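There are 4 protein chains.
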Amino acid sequence: MPLSEEQRLNMKKRRQKILDTAVHLFATEGYEGTTIKKIAEAAEISFGNVFTYFKDKEQLFIASVVEPLEAISDQILDFNEHAEDPVAELLEMVKKHIKLFAGEQNYLTLVVQVVGQHQRFPEPFDHLDQFHDKWRNKIGRLIESGQEKGLLQKQEPIPVATLYTSLLIGIRLNNTDTRYSNMWDQYITPTFQLFGPIH
Amino acid sequence: MPLSEEQRLNMKKRRQKILDTAVHLFATEGYEGTTIKKIAEAAEISFGNVFTYFKDKEQLFIASVVEPLEAISDQILDFNEHAEDPVAELLEMVKKHIKLFAGEQNYLTLVVQVVGQHQRFPEPFDHLDQFHDKWRNKIGRLIESGQEKGLLQKQEPIPVATLYTSLLIGIRLNNTDTRYSNMWDQYITPTFQLFGPIH
Amino acid sequence: MPLSEEQRLNMKKRRQKILDTAVHLFATEGYEGTTIKKIAEAAEISFGNVFTYFKDKEQLFIASVVEPLEAISDQILDFNEHAEDPVAELLEMVKKHIKLFAGEQNYLTLVVQVVGQHQRFPEPFDHLDQFHDKWRNKIGRLIESGQEKGLLQKQEPIPVATLYTSLLIGIRLNNTDTRYSNMWDQYITPTFQLFGPIH
Amino acid sequence: MPLSEEQRLNMKKRRQKILDTAVHLFATEGYEGTTIKKIAEAAEISFGNVFTYFKDKEQLFIASVVEPLEAISDQILDFNEHAEDPVAELLEMVKKHIKLFAGEQNYLTLVVQVVGQHQRFPEPFDHLDQFHDKWRNKIGRLIESGQEKGLLQKQEPIPVATLYTSLLIGIRLNNTDTRYSNMWDQYITPTFQLFGPIH
DNA sequence: TATGAATGAGCGTTCATTCAT
DNA sequence: CATGAATGAACGCTCATTCAT
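Below is the structure:
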């Protein structure tokens, strides 16, 4: 007896609700601090039903790291490495990224945990690491293009790109509360300096 | 009959060994992932003996965060905010900090966890946060001095200082393995750009 | 999907079995001498399942004292304080109580422990104490009625009632084995003397 | 090297202090609730030193029950079973016993625990039981003598004696607080009725 | 598919006991 | 004899996972 369309949709929604709840709890309470019972209660489903959608706790954790990554990666990679004016493109990119990172506290806190304890979480880390490489390389190529056009100082592009991604995750980590939330705009210009723009 | 001098020394060594082991395990395996049993085995002492030196797991965790901080904070604050040449001082500071952060993977990974999950670990976070404020303000004053002497572009000093500390912790977080460890030197110049030096 | 009627019944039985087992073990082995493991084994259920029915060991202990009290208190209070012939009523009451106390070794041993260590067990003791007051006062009123009709010697009713309840719990405590179990009948007359009947 | 007289005396005092402390703690906190550490602290000696005087916790517990018994038993048995006037002797005995039991809350609370959980504490219970038999029999003979002289109603002496000792321990158990402490005097006459005096 | 009771391994912690000093 | 650090068994309790309904 195949499931009706409505059931299918319901299940999809339910799965997503579990996942959203799990991201939030894993981020704020950590892996062991988050119990299936807590997730079930917060997602307003029954305890045992969590296992209908995710094989076990580990798979749920992996999904919590990997699935939002797929959703956000397009936005992160949304800049043109072949732009006519690479410096203007870089500045726009910085603005976008800072805005994006400012708004994603929850998920990024989870990312920080996985990266910080990558030996414990090798599988989700691997996904993050691969994305990071891709991202860094794309930024590197944009930097290279700017240097070739004489608009940026000569520096090794990959380390600079690494510094940039490190800076972004670092700001997210450091701005633990809302005291400096209005500071995010002030971060743009100095961050941009990292790339060594020639005036 | 008080303890002999030798016993006293032995206990001090033992306590330190537990602490070092705990820092390492908490950093790589997280708070719940680290069990007292694992710590005892790695420190080569009996299970129950851990509790001779630390009241409970939480106190051991707090000590793991706070005690190394006291040891390292002097080195981190070792720069002169009233230097004649603030720009040269900043550059030297960047070099020192990068070297320091490159060498302290273990402890800093633990710091990342506490900061990333500060709601879970309010007490050790508070210590870190207070040190961070002190550090950031000292850097801010050095930046201000450079700006007053016309050697640095005009930017709000505190956000720049925040960016700088964020960058440092971010590099430490991102360089999870040794693949880029030879890159650390390449980080110096672009990081220094953050402060907006005028050539 | 709620539980079926059969399941519900099974759970009720299981809870009662745990409680009965707990009363027995707490009575014979004391609070700390009784472990959850022992209870689970004696009740033929798994260790963790005890916690499905009782939040923790303390709650199980409280339930072990309080729930049987509710069952037995009606029987204990089953005498008529307004009887036409208060002396005959007293004699009947004594017979009933002695019979009741003779048959309830297990639970009363537990009661003795709670009363004997009331500082350690304030919550269950409070329940017992309240019942004791009620019981003692009711006996006191029956004694008073007998005295007013000139059938009992003049004595303060409440101390006499206290002596009577003390005697009952004391017999239960002293008759630790079955050596004197056929003595219970012989206790009736002398116990009745306590009330000072006038012949 | 034999110990000096002073040392010997000191050790005797120390042993007694441990014992007194243990009686108090075992009585109020129970067997498992009492730790060697607590005893050592309360007795103001070092932890390990407790084991110099008592082989292990169990032996200390046994000594806590048995040694005070030896001290108190003479007082309890201090009545004349061959008295000229057995009824007057009984009345005096009742007065003494009630006074004695009123003043010995601590030790008697411990006795109640051992009797109530005699399966757990067979060795100290055996001592108490033997004393109890001796006591009860002596009272029985005094009762018998009173009956032979026609001063007491005919009743089986041993059950009456058992009732009497039960009553004493029962009062001690029931008077958990000081609310009725001034009642002790009021207990004498009705308790005495137990023996069936003929007026 | 949805539910939640049942299971037991594993945790942090306590504490009687041993033993080197 | 006095001390208290070292040991590890045993405790209460949690929770991921299973499974009957």
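Chains as they are written, first to last, in our numbering: chain A, 2 to 200; chain B, 2 to 200; chain C, 2 to 200; chain D, 2 to 200.
All C-beta atoms in this analysis are idealised placements derived from N, C-alpha and C, irrespective of residue type, glycine included.
It should be emphasised that the depicted structure is a prediction, and the values quoted were computed from it without experimental measurement.
{"Query": "Determine the extent of the alpha helix (DSSP H) in which R15/A is found, giving its start and end residues.", "Result": "E6 to E30"}
{"Query": "Starting from the beta carbon of E33/C, find every residue of chain D whose beta carbon is closer than 8 Å, and list them in chain order.", "Result": "G31, Y32, E33 and G34"}
{"Query": "Hey, does S146/C have any beta-carbon neighbour from chain D nearer than 7 Å?", "Result": "no"}
{"Query": "Can you find the residues in the same chain that come closer than 6 Å, C-beta to C-beta, to T110/D, ignoring five residues on each side of it along the sequence?", "Result": "A28"}
{"Query": "Pull the bridge partners of P158/B from the DSSP assignment, please.", "Result": "According to DSSP, which records beta bridges pairwise, P158/B is partnered with nothing at all."}
{"Query": "For chain C, find out if any of its Cβ atoms is closer than 7 Å to the Cβ of E59/D; answer yes or no.", "Result": "no"}
{"Query": "Please name the residue, chosen from F48/D, L164/D and I199/D, that lies closest to I99/C on a Cα-to-Cα basis.", "Result": "L164/D"}
{"Query": "Mind reading off the beta-carbon distance from L152/B to P87/B? Whole number of angstroms is fine, and I expect it under 8 Å.", "Result": "6 Å"}
{"Query": "Pick out the complete alpha helix (DSSP H) segments inside the segment 56-90 of chain D, 4 residues or longer, and give them in chain order.", "Result": "58-77"}
{"Query": "Please report the straight-line C-alpha distance between M94/C and I189/C, rounded to a whole angstrom.", "Result": "10 Å"}
{"Query": "Beta-carbon within less than 8 Å of A84/D's beta-carbon, same chain only, minus the 5 sequence neighbours each way: which residues are those?", "Result": "E90, L143 and S146"}
{"Query": "Output needed for Y181/C: all residues of its chain with C-beta closer than 6 Å, excluding positions within five of it in sequence on either side, in chain order.", "Result": "In this prediction, Y181/C has a pLDDT of 48, which is less than 50 and means its spatial position is unreliable; what the coordinates show is noted afterwards. None."}
{"Query": "In this structure, how does DSSP classify L152/C when only helix, strand and coil are distinguished?", "Result": "coil"}
{"Query": "Does the separation of the CB atoms of L61/B and F52/B fall below 7 Å?", "Result": "no"}
{"Query": "Report yes if the CB atom of S167/B is closer than 7 Å to the CB atom of I172/A, and no otherwise.", "Result": "yes"}
{"Query": "Indicate whether at least one CB of chain B lies closer than 7 Å to the CB of N138/A.", "Result": "no"}
{"Query": "Got a sec? Which residues, its chain only, sit under 7 Å from G197/A by beta carbon, not counting five neighbours each side?", "Result": "L153, Q154 and Q156"}
{"Query": "Excluding the 5 residues flanking F122/A on each side, which residues of the same chain have their C-beta closer than 7 Å to its C-beta?", "Result": "V115"}
{"Query": "With 7 Å set as the bound, which would you pick, yes or no: does the beta-carbon of N175/D sit closer than that to a beta-carbon of chain C?", "Result": "yes"}
{"Query": "What are the residues of the segment 114-126 of chain A that lie near chain B, defined by any Cβ-Cβ distance shorter than 7 Å?", "Result": "Q114, V116, G117, Q118, H119, Q120 and R121"}
{"Query": "Give me, in chain order, the residues of the same chain whose beta-carbon lies closer than 8 Å to that of L129/C; leave out the 5 immediate sequence neighbours on both sides.", "Result": "V66, L70, V112, V115 and V116"}
{"Query": "Going along chain B in order, which residues have a C-beta closer than 8 Å to the C-beta of S74/A?", "Result": "Within 8 Å Cβ-Cβ: nothing; S74/A doesn't reach chain B, min ~17 Å."}
{"Query": "For V24/C, collect the residues of the same chain with a Cβ closer than 8 Å to its Cβ; drop the 5 residues on either side in sequence, then sort them by chain order.", "Result": "S65, P69, N107, Y108 and L111"}
{"Query": "Is it true that the CB of P158/D sits closer than 7 Å to the CB of V161/C?", "Result": "no"}
{"Query": "For L92/A, collect the residues of the same chain with a Cβ closer than 6 Å to its Cβ; drop the 5 residues on either side in sequence, then sort them by chain order.", "Result": "F193"}
{"Query": "Ordered along the chain, which non-local residues of its own chain (more than five positions away) have a Cβ less than 7 Å from that of F102/A?", "Result": "L109, L169, I172 and R173"}
{"Query": "Return the bridge partner residues of D198/C from the DSSP annotation.", "Result": "Before going further, note that residue 198/C is Pro rather than Asp in the sequence given. Its beta-bridge partners are L153/C."}
{"Query": "Could you check whether the Cβ of G197/B sits closer than 7 Å to any Cβ belonging to chain A?", "Result": "yes"}
{"Query": "For I172/B, go through chain A and note every residue whose CB falls closer than 8 Å to its CB, in chain order.", "Result": "T163, L164, S167 and G171"}
{"Query": "Taking Cβ-Cβ distances shorter than 8 Å, what residues in chain D pair up with T22/C?", "Result": "Under the 8 Å cutoff, chain D gives no residues; its nearest Cβ is about 16 Å from T22/C."}
{"Query": "Going by CA-CA distance only, name the one from Q17/C, I73/C, N81/C and I40/C that's closest to F132/C.", "Result": "I73/C"}
{"Query": "Which residues in the same chain as W136/A place their Cβ atom closer than 7 Å to its Cβ, once the five residues preceding and following it in sequence are excluded?", "Result": "I77, L78 and T166"}
{"Query": "Between the C-alpha atoms of S184/D and K38/B, what's the straight-line distance to the nearest angstrom?", "Result": "Residue identity check: residue 184/D is Met in the sequence provided, not Ser. The straight-line gap from Cα to Cα measures roughly 58 Å."}
{"Query": "Distance cutoff 7 Å, beta carbons only. Does E157/A sit that close to anything in chain B?", "Result": "yes"}
{"Query": "Which chain B residues are close to Y188/A, counting only those with a beta carbon under 7 Å from its beta carbon?", "Result": "P160 and L164"}
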